[in-house]
Amino acid sequence: MIRALTDLERDTALLLIRRGHTSPSAEDYAEFTPEQKEAWDPPTPIIDAQRALWEANLAEVVVTSECGCETCPSVDLEPMGDAIARSDDALILNGYVPDALLLLFIDEGVPSYLELAPLDESVVYTQFPPAERIDF
3 MIRALTDLER DTALLLIRRG HTSPSAEDYA EFTPEQKEAW DPPTPIIDAQ
53 RALWEANLAE VVVTSECGCE TCPSVDLEPM GDAIARSDDA LILNGYVPDA
103 LLLLFIDEGV PSYLELAPLD ESVVYTQFPP AERIDF
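The sequence shown begins at 3 in the working numbering and counts up one residue at a time.
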């Protein structure tokens with residue numbers, strides 16, 4: 003199955019590219035105890051050039067599969083063609099809605115997986131939330 007991203011998938015991925023952060027955020031990490039800091043890697047700084055590359059590469063990806071869990075709309079993404087600029091980036095950008103986490107995996111500078119992970123097993127999402135519901 004190969005298809006274009008839906009408007010909500012594209013909007014969610016784009017918002018995560020523009021405003022998402024790695025986990026933990028710099029603010030959270032600053033409040034960690036010394037023991038917590040030993041257990042976590044420090045936040046990964048993200049520069050504007052990386053975000054610009056990811057955004058350009060997002061325009062070249064398609065959905066190649068959907069999660070089969072029936073509780074989320076998560077999708078695998080792959081580039082369509084050879085117009086993708088690669089880099090050494092391998093990280094996860096985070097955002098959230100009140101009852102779910104939003105994650106965008108970036109592999110070699112290319113968005114590769116867009117995930118919505120409900121925090122409550124009784125919550126079911128059939129599509130990604132609109133941008134105004136997403137926080138960072």
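Here a beta-carbon is modelled for each residue, glycine too, at the ideal position from N, C-alpha and C.
{"Item": "Beta-carbon proximity check, Y127 vs L121, cutoff 7 Å", "Value": "no"}
{"Item": "For P36, the three-state DSSP class (helix, strand or coil)", "Value": "helix"}
{"Item": "Cβ neighbour criterion (16 or more within 10 Å) applied to T14", "Value": "buried"}
{"Item": "Beta-carbon proximity check, L7 vs V65, cutoff 7 Å", "Value": "yes"}
{"Item": "Within 7 Å, strictly: CB atoms of P113 and V77", "Value": "no"}
{"Item": "Own chain, CB closer than 8 Å to S89, minus 5 neighbours either side, in chain order", "Value": "Q52, L55, E110, G111"}
{"Item": "Bridge partners - R5, DSSP secondary structure assignment", "Value": "V65"}
{"Item": "Neighbourhood of L103 by C-beta, 6 Å cutoff - its chain only, sequence neighbours within 5 removed", "Value": "A119"}
{"Item": "Own chain residues within Cβ distance below 6 Å of Q129, not counting five before or after", "Value": "L10, P75"}
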